[in-house]
Amino acid sequence: MSVIKRVRVLREGSDGSAQHASLPVLAMKAWLGLGRFVEAKKELKGMIVAGRTWTLALVTNIPEDEIEDASTSSTRFKVRPSKDIGVIDEMQKSFVVIFLTNMTTNRRIWNRLHTFGNLDIIKEVLCHNSMVEENCSLCSMQNNGTWDENIVMNLSSTLNESQTEAILACLCRTQCNHRSAVELIWGPPGTGKTKTISMFLFTLLRVKCRVLICAPTNVAITELASRVLKLVTESSETDSATDALFCSLGNILLFGHKDRLKVNSDIEDIYLDYRVKRLTECFAPSTGWRYCFTATKIFFEDCVCQYYIFLENELIKEQDYDQENKKKDESCSNGADVCSGKHKSFLEFMRERFCSTVSQLKRCVLTLCTHIPESYILKHNIQSVKTLVILLGSFENLLFRDDVISEELEKLFAQEELDGDSSEYFADISLRLYLHRTKCLSTLETLYSSFSELELPSGMSKYSIEEFCFQTASLIFCTASSSYKLYSLAMQPLNLLVIDEAAQLKECESIIPLQLPGIKHAILIGDECQLPATVQSNLAYEAGFGRSLFERLSFLGHPKHLLKMQYRMHPSISSFPNSNFYSNKIIDAPNVKIRSYEKCYLPGPMFGPYSFINVTGGREEVDDVGRSQRNMAEAAVVLKLIHCLYKGMITGSPIFYLYPDLDIVICDL
C-alpha cells in the first residue's frame, strides 16, 4: 500500500485557473483519483484529454489527530491505489488528487445489507403478505385508544385536527408490543410537518419512550432537533428565574459532524461532543462534583482557620521578601501585592474565597442537572440543587452588604455552636449569615450523599462518558448514515425509529437504522410528491436506487395520515399542486384566505400572487466557463424585475432568485 504524506492542493478558480488552497478534510473510505484536485467535480473524460494519467484510489485511514481537529486541513492520509503507482520517496514529485465521491454511506449500506440484524420491521412490512392485517387484534381488544387527558388537550390546543389525529394514531401504534408496524405521515408543503413531528417527539419524551430520530441530511436533523429543544425549554420556563436554570436536557442527544450539523450556541447543550466535554469536567478528580462539594464544605466549616493560615502564609512571604530587600521603602513599593495580604480583613478573605469556590460548585451542579436526565438525577435531588443555589445566592447577597462587620463575623464564625445567650452580642446581619451557612452545610451534605448513590461515572474515559450519554438519552438525533455508530455501542435498546424527510431517504439507506437492536416500530414523515432522494448515476436512477421506503409503501397502498391544512401558499398558488398532486384534499388555512395575505409588489394586472412570463427572442448559449447554458434575454428580464422590486420594497423583505445553475446567477448578477 502506498502512503501519500503530503498533498499539493489546487483549487480551480472561477476563470478556470488553478489556485493554491488548503486541502479540506477528506472522509475516510472516499474514492480519490490521482491527478489534479479541483473544488468542483468534473467529468473524468475531460481531464484525460488534458494529458494526465489517472489511477483510482481509496482512502483507508486518516490520522486520529487530523479527524478530531476539524478546524485545520488534513494533509496526511493513507490510500489504497487500484494499481501499482511505484515507490514514493522524498525526492519524487508529489502526487495530487481529485475527490470523486464519499463512500462512507454506501459502505455502511453494503455492510447492513449483508448483516442480518433486527429484521422485525422488514419482515412485518416488506413481506408479500404484510398488508393483510394492518392493526393488531390483541391491542384492539385491550386498548380503547384513550390517552392522558392533559396530553390530548395540549395537542389539540397547539395543532389542528389532522395533525392531532396523526400523532394520536402513531402514539397508539407505538404502544403495541405484539407486532411491528410502520406508520406514514404525509405532509404536503406548508402543512406544518416539522411542527407536527416536533410535538410528537415532545410527547414521546413525556411518556418516556426511547426513540431514534433520523433524517437524510444534516440540515434536516439539526432543524428538527432545534425545534424539539425549543419546545422543551419553553415548557420548563416559569416565572421563577431559578427554575429556568434547571432545564434538564439529558434526555435529548444530537451527534454527528459538528461543522456539517452547523452546531451553534443554541443547540450545543444537546450536542454529544459538547456534553462529553462538560461532563468530563464534572467527573474529573480535580474539577469534578466531588471536589467542588468537598471544597465548599471545607470553606464553610473552616473559613476562620483558613483565614489564619492565609495570614501566616502572607507573613512568611513578607519576611522572606524583607530579607531579600533590606530597604523598607523599596520593599513596600515593589512588593505591594505581598504587603496587601497583611492588611486583608476576614470579610475580604471570605468574599474572595466564596466567589472562587462557590462559582465552581454552581457551574458543576448546573452542568449535571442540564446534561443528565431528570429521571437519572432524580427529582428530589434536582429540588435540593435548586434549594442549594437559592441558599448560596442569599448568603452571597448578605456577605456583600455594606453593613457587615468583619471582626464580628470572624468571631461569630469561629464558634462551633451558637447558644441563645451569645446570639445577643451579634448584629442581625451576622446572625443571618451564620444561619445561612448552617443551612448550606446541611444541604451540601444531603446532596453529596444522594449523588454518591447515583453511580455517576468516575473515570475520565471519553468513550465511557459517551456511552453513558447514549445510555441515558431518550431522544437520539442523527442522520441515517450516522446511526451506524449505534451498532458498536453497548446500550439499552431503542424502541422506536422516526424518520423525517423520509421521501428523500433512499430505501437501502433506511436499512441502516431499521436493523438496530430493539427497534419495533417506525414512523416515516415525508411527501413523495416533493424532492426525491439524490442519485447522480442515471443507471442507478433507472434501476430504482433512489426510491424511498416511503414511496414504496405509498405505491403499495399503505395507509397514510394526511396533514390536510396548509398555512403557506395563497389559494391561487396552492390550487395547482392541490389538484394535480394531492387530489384536492388540501384545505387552505384561514390565515392565507384573508385579503391582507395577498401581496402585490409590482403594479399591473399580470403581477398577482404568481406570474408566468414568456420571454421571446432569446436563445440558449454556452457561458464563458463552458459549463452551462444561459439565456441573456431571460436574464435581462429577471434583472429588470429585481431592480423594480428592490425600488418598491418598503419592509425590506428578501428577494429570492432561483436558477438551475449557480454560475449563471453569479454571471447575471
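Under the UniProt record's numbering, the letters of the sequence shown match residues 1 to 669, in that order. All C-beta atoms in this analysis are idealised placements derived from N, C-alpha and C, irrespective of residue type, glycine included. Just so you know, these numbers come straight off a predicted model, no measurement behind them.
Residue i vs residue j beta-carbon contact at 8 Å
i: Lys-485; j: Phe-545; result: no
i: Leu-212; j: Phe-550; result: no
i: Val-637; j: Val-615; result: yes
i: Ser-548; j: Ala-503; result: yes
i: Glu-501; j: Gly-526; result: yes
i: Gly-366; j: Leu-444; result: The question names Gly, yet the displayed sequence has Leu at residue 366. No.
i: Phe-293; j: Tyr-463; result: no
i: Val-276; j: Glu-466; result: yes
i: Thr-296; j: Val-385; result: no
i: Ser-474; j: Leu-205; result: yes
i: Glu-374; j: Ser-248; result: yes
i: Asp-269; j: Thr-370; result: yes
i: Trp-289; j: Phe-400; result: no
i: Ser-461; j: Ser-406; result: no
i: Cys-478; j: Ile-221; result: yes
i: Lys-398; j: Arg-432; result: The sequence shown places Leu at residue 398, not Lys. Cβ atoms of Leu-398 and Arg-432: closer than 8 Å.
i: Phe-642; j: Ile-109; result: Reading the sequence as shown, one finds Ile at residue 642 and not Phe. Not a contact, by the Cβ cut-off of 8 Å.
i: Pro-609; j: Ile-573; result: yes
i: Ala-215; j: Ile-499; result: yes
i: Pro-81; j: Thr-104; result: no
i: Ile-655; j: Leu-639; result: no
i: Ile-587; j: Pro-188; result: no
i: Phe-246; j: Ile-382; result: yes
i: Leu-159; j: Thr-194; result: no
i: Cys-282; j: Leu-368; result: yes
Burial state of residue i (16 or more Cβ within 10 Å)
i: Asn-580; result: exposed
i: Gly-578; result: Just to set this straight, residue 578 is Asn in the shown sequence, not Gly. Counting Cβ neighbours within 10 Å, Asn-578 comes out buried, since at least 16 surround it.
i: Ser-250; result: In the sequence as presented, Ser is not what sits at residue 250; that position holds Gly. Its Cβ being crowded by 16 or more others within 10 Å, Gly-250 is buried.
i: Ile-523; result: buried
i: Glu-410; result: buried
i: Arg-630; result: buried
i: Arg-112; result: buried
i: Cys-303; result: buried
i: Leu-272; result: buried
i: Phe-255; result: buried
i: Phe-600; result: Checking the sequence, you will find Cys at residue 600 rather than Phe. When all chains shown are included, Cys-600 counts as exposed.
i: Asn-584; result: exposed
i: Lys-123; result: exposed
i: Thr-115; result: exposed
i: Ser-71; result: Its pLDDT being 43, under 50, Ser-71 is placed unreliably in this model, and the value from its coordinates should be taken loosely. Exposed: under 16 other Cβ atoms inside 10 Å.
i: Ser-554; result: buried
i: Met-153; result: exposed
i: Asn-218; result: buried
i: Ser-14; result: Since pLDDT at Ser-14 reaches only 43, below the 50 mark, its modelled position is unreliable, and the value read off the structure follows with that caveat. Exposed, because fewer than 16 other Cβ atoms sit within 10 Å of the Cβ of Ser-14.
i: Met-350; result: buried
i: Phe-395; result: buried
i: Asn-144; result: Because Asn-144 sits at a pLDDT of 46, beneath the cut-off of 50, its placement in the model cannot be relied upon, and the point is left open.
i: His-436; result: buried
Whole-angstrom C-beta distance between residue j and residue i, which should lie under 8 Å
i: Ala-589; j: Met-565; result: 5 Å
i: Leu-171; j: Thr-196; result: Not quite, the Cβ-Cβ distance comes to about 12 Å (not below 8 Å), so this is no contact.
i: Cys-209; j: Thr-174; result: 7 Å
i: Ser-180; j: Lys-520; result: 5 Å
i: Phe-354; j: Cys-440; result: Contact flag wrong, Cβ pair sits at about 11 Å.
i: Pro-513; j: Leu-497; result: 5 Å
i: Asn-61; j: Lys-83; result: Not really, about 20 Å apart at Cβ, beyond 8 Å.
i: Gln-515; j: Asn-118; result: 5 Å
i: Glu-569; j: Gly-192; result: According to the sequence shown, residue 569 is Met rather than Glu. Not a contact, Cβ separation roughly 13 Å.
i: Leu-155; j: Ser-198; result: Their Cβ separation, rounded to whole angstroms, is 12 Å, which puts Leu-155 and Ser-198 out of contact at 8 Å.
i: Gly-618; j: Glu-634; result: 5 Å
i: Trp-186; j: Leu-556; result: So it is not a contact: roughly 14 Å between Cβ atoms.
i: Val-228; j: Val-182; result: At roughly 22 Å, the Cβ-Cβ gap does not stay under 8 Å, so Val-228 and Val-182 are not in contact.
i: Glu-453; j: Ser-430; result: With 8 Å as the limit, Glu-453 and Ser-430 do not qualify as a contact, their Cβ atoms being about 36 Å apart.
Which residues DSSP lists as bridging residue i, in chain order
i: Gly-526; result: Trp-186
i: Cys-172; result: In DSSP, Cys-172 forms no bridge with anything.
i: Leu-212; result: Ile-476, Leu-497
i: Pro-81; result: Ala-57
i: His-521; result: Ala-181, Leu-496
i: Lys-506; result: Ser-548
(request) Please specify which runs of the beta strand (DSSP E), each continuous and at least 3 residues long, are wholly inside the stretch 414-499, giving them in chain order. (result) 475-479, 496-499
(message) I'd like the ranges of any beta strand (DSSP E) spanning at least 3 consecutive residues and lying wholly in the UniProt domain "DNA2/NAM7 helicase-like C-terminal" (546-650).
(response) 560-562
(request) Return the chain-ordered ranges of every beta strand (DSSP E) run that is complete within the stretch 236-285 and spans a minimum of 3 residues. (result) 252-254
(message) Give the list of continuous alpha helix (DSSP H) stretches no shorter than 4 residues that lie fully inside the stretch 341-365.
(response) none
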